[in-house]
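Note sheet for the following structure.
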Amino acid sequence: MLITAVSVCLGGGAVQAQSASECDPIDQLACSCKTAAVKPVNNTVNACFIGDVNTITANQADGFTAKIFAAINWPVKLDENGKAMPGVPDYQAKLDGSWTAVWETWKSTNQIFRGDQPPLPWDSTAYPLPAACAELDLEAAMASVPYAADIPMTMQPRLLDEYLNPEGRALLDRNGVPVRYDVIFNKQAYDYTVENKLFDARGLEGFLHKNGKLSMPKGFWIAPANGKQRGAIVLKSSWMVLDAKHDPMRFHKAWAYITPLVENGKVTHDCALRPVGLVGLHVIYKTDQFKKWGWGTFEHDTVAPTWAEVGDTAAGVYADGASVPQWLFYSRDQDGAAKLNTPPKHAAAGIPSRVVAFYPPGYYAEPIGVAVKECSAYDQNFRCINARLKSGFANSPLRNYRLHGTQWELLDSNGRLLPEILGNATMETYTQNTSSCQSCHSFARPDQPGAARETLDFIFSFNRDVLQRSSPVQGNK
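Counting from 1, position 249 in the sequence shown corresponds to residue 284 in the numbering used here; the numbering is continuous, with no gaps.
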């Protein structure tokens with residue numbers, strides 16, 4: 036059998052050869068793009084990304100996070116029936132309009148942690164559905180949405196059954212409807228879970244008894260002699276139900292089963308098919324350099340104003356005359372409105388949340404008051420990274436999403452984090468001023484006396500969805 040080798044320049048004169056059999060398109064490594072003759076759109080937006088950085092700096096971390104976001108948001112490849120091929124990017128696709136992103140076909144924890152049932156196969160796009168959802172007339176539900184044709188129907192609608200954030204609170208949109216959350220594993224995280232039988236309480240407990248802790252696979256700058264170059268990536272997405280007042284062209288969209296329903300002041304076990312728009316995305320990745328994971332987060336650019344923008348929002352225009360956007364989770368009208376950054380008493384309260392962002396994107400990366408210069412093609416300034424994301428996706432709703440920041444642990448620093456505070460206004464809404472991704476997730480451990488921090492490798496799902504399966508559905512992942 037003939038195996039062709041693909042050479043990939045890794046910098047510093049080092050060249051790493053990978054055979055075609057090792058260069059799985061699902062990994063989206065540079066060798067895969069080279070084989071497919073795919074060129075980067077710019078220095079940030081590309082269909083492929085490296086397995087790790089060669090050394091960590093703030094610019095390297097933020098640049099790496101942005102490249103991951105761009106690549107995993109690449110259009111997924113469709114089969115002859117127009118259905119998504121899980122995890123496989125369409126290297127020939129044009130970045131125009133709306134599409135199903137690669138990451139949307141990765142495995143949701145709803146598809147992995149299924150009680151007494153094994154995880155669904157990687158190649159399956161099905162979701163295990165409650166009876167109330169399985170009985171819905173999808174065609175009728177879609178027919179009521181004017182922009183239905185612009186929402187990809189390349190896979191079964193995703194199941195969004197979570198509406199409480201990590202603090203156990205709901206974020207209510209301007210209709211008083213809770214934002215929904217989902218957690219997703221890439222192929223490496225999925226394979227590690229399945230191969231070690233970590234989806235089952237007995238299997239997980241047996242693994243911990245033997246090994247002491249979980250250790251998801253790491254990514255590498257240069258492919259190791261044994262093992263994969265791509266490491267584990269775990270995502271958490273936040274979705275807002277769209278209505279006639281939202282501009283659908285400003286959102287990355289999908290169809291979703293919404294259950295339980297939270298409306299008219301009550302929570303029921305009914306189900307509805309709704310169009311949803313992405314409002315936030317956590318991207319965490321484990322590599323040799325980011326041993327305790329890199330913690331990146333993205334937001335839609337109209338989620339909420341910063342404190343500095345509240346005055347301009349009241350006036351309706353910025354100092355330069357530009358119009359202030361209609362914020363998704365902030366209203367100028369205070370009559371009967373919720374208090375700023377205050378959680379509702381319960382998810383069915385029906386009063387829209389009023390959120391102010393505590394800090395702007397990349398607050399830790401650039402000195403305040405420095406003159407803004409034009410970005411060069413390779414400028415790793417935080418603002419320029421976001422500018423390239425925007426221009427790379429100029430013909431897609433993805434242009435409206437921006438990197439908010441990346442948190443990581445400084446090497447040999449006794450746990451010092453950069454930045455110390457980082458959160459997403461759609462997920463850590465009410466603790467933005469104290470939120471720390473890594474510090475919080477270090478408490479992912481079995482719910483039993485003496486369990487050490489980091490036992491579950493920073494992933495709450497293994498405790499909540501496996502060891503504590505009988506506990507309520509809502510809460511931290």
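For glycine and all other residues, C-beta sits at the position ideal for the given N, C-alpha and C.
query: Runs of beta strand (DSSP E) lying entirely within the segment 203-238, each at least 3 residues, in chain order; result: 215-220
query: Per-residue DSSP class, three states only, for R499; result: helix
query: Proximity below 8 Å, CB of S471 to CB of I494; result: no
query: Candidates H244, L308, A422, I61: closest to V123 by CA position; result: I61
query: Buried versus exposed call for M462 [16 or more other C-beta atoms within 10 Å across all chains shown]; result: buried
query: When A357, D151, E401 are compared against D235, the one with the closest alpha-carbon; result: D151
query: Q264 classed as buried or exposed, judged by whether at least 16 other C-beta atoms fall within 10 angstroms; result: buried
query: L243 versus R499: straight-line alpha-carbon distance, rounded; result: 16 Å
query: Reduced DSSP secondary structure (H/G/I, E/B, other) of G329; result: strand
query: Other residues of its chain near I420: CB distance less than 7 Å, five sequence neighbours each side excluded; result: T79, D97, G98, A101, L438
query: Where R389 falls: helix, strand or coil (DSSP); result: strand
query: 7 Å CB neighbourhood of T466 in its chain, flanking five on each side removed; result: E202, G458
query: Entirely enclosed alpha helix (DSSP H) segments - the segment 280-332, minimum 4 residues; result: none
query: Whole-angstrom C-beta distance between V218 and L270, which should lie under 8 Å; result: 7 Å
query: C-beta contact flag for L222 and W157 at 8 Å; result: Going by the sequence as given, residue 222 is Lys instead of Leu. In contact: K222 and W157 (Cβ atoms closer than 8 Å).
query: Beta-bridge pairing of G514 - partner residues as DSSP gives them; result: Because the chain in this structure spans residues 36 to 512, residue 514 falls outside the shown range and cannot be described.
query: Rounded C-alpha distance that separates G132 from R193; result: 20 Å
query: Limits of the beta strand (DSSP E) - the one that G122 falls within; result: 119-124
query: Nonlocal neighbours in the same chain, by C-beta distance under 8 Å from S474, ignoring five residues either side; result: L452
query: Neighbourhood of L491 by C-beta, 8 Å cutoff - its chain only, sequence neighbours within 5 removed; result: K248, L249, A479, R480, P481, F497, N498
query: Among K129, Y198, C68, the one whose alpha carbon lies nearest that of F428; result: K129
query: M251 classed as buried or exposed, judged by whether at least 16 other C-beta atoms fall within 10 angstroms; result: buried
query: Where E489 sits in the DSSP three-state scheme; result: coil
query: Nearest candidate by alpha-carbon position, reference D296, set A383, E444, G241; result: A quick correction: the sequence has Leu, not Asp, at residue 296. Nearest C-alpha to L296: A383.
query: Assigned exposure category for K142 - 16 Cβ within 10 Å defines buried; result: buried
query: Integer Cβ distance of L424 from A105, believed to fall under 8 Å; result: 6 Å
query: Short Cβ contact (8 Å threshold) for S426 with N94; result: no
query: Cβ contact (3+ pairs, closer than 8 Å) linking the segment 302-322 and the segment 280-288; result: yes
query: Spatial neighbours of W342 in its chain, beta-carbon cut-off 6 Å, leaving aside the 5 residues before and after; result: V391
query: With 16 other Cβ atoms within 10 Å as the buried cut-off, status of R237; result: exposed
query: Euclidean distance between Cα positions of Q503 and L239; result: 12 Å
query: Start and end residues, alpha helix (DSSP H) containing I147; result: 144-147
query: Classification of D87 by the beta-carbon crowding that lies within 10 angstroms, buried from 16 upward; result: buried
query: Short Cβ contact (8 Å threshold) for A372 with R389; result: yes
query: Proximity test, D131 beta-carbon vs the ligand MG heavy atom, cut-off 7 Å; result: The ligand MG is not among the ligands present in this structure, which contains no ligands whatsoever.
query: Residue range of the unbroken alpha helix (DSSP H) whose run includes V352; result: Element bounds for V352: n/a, residue is neither H nor E.
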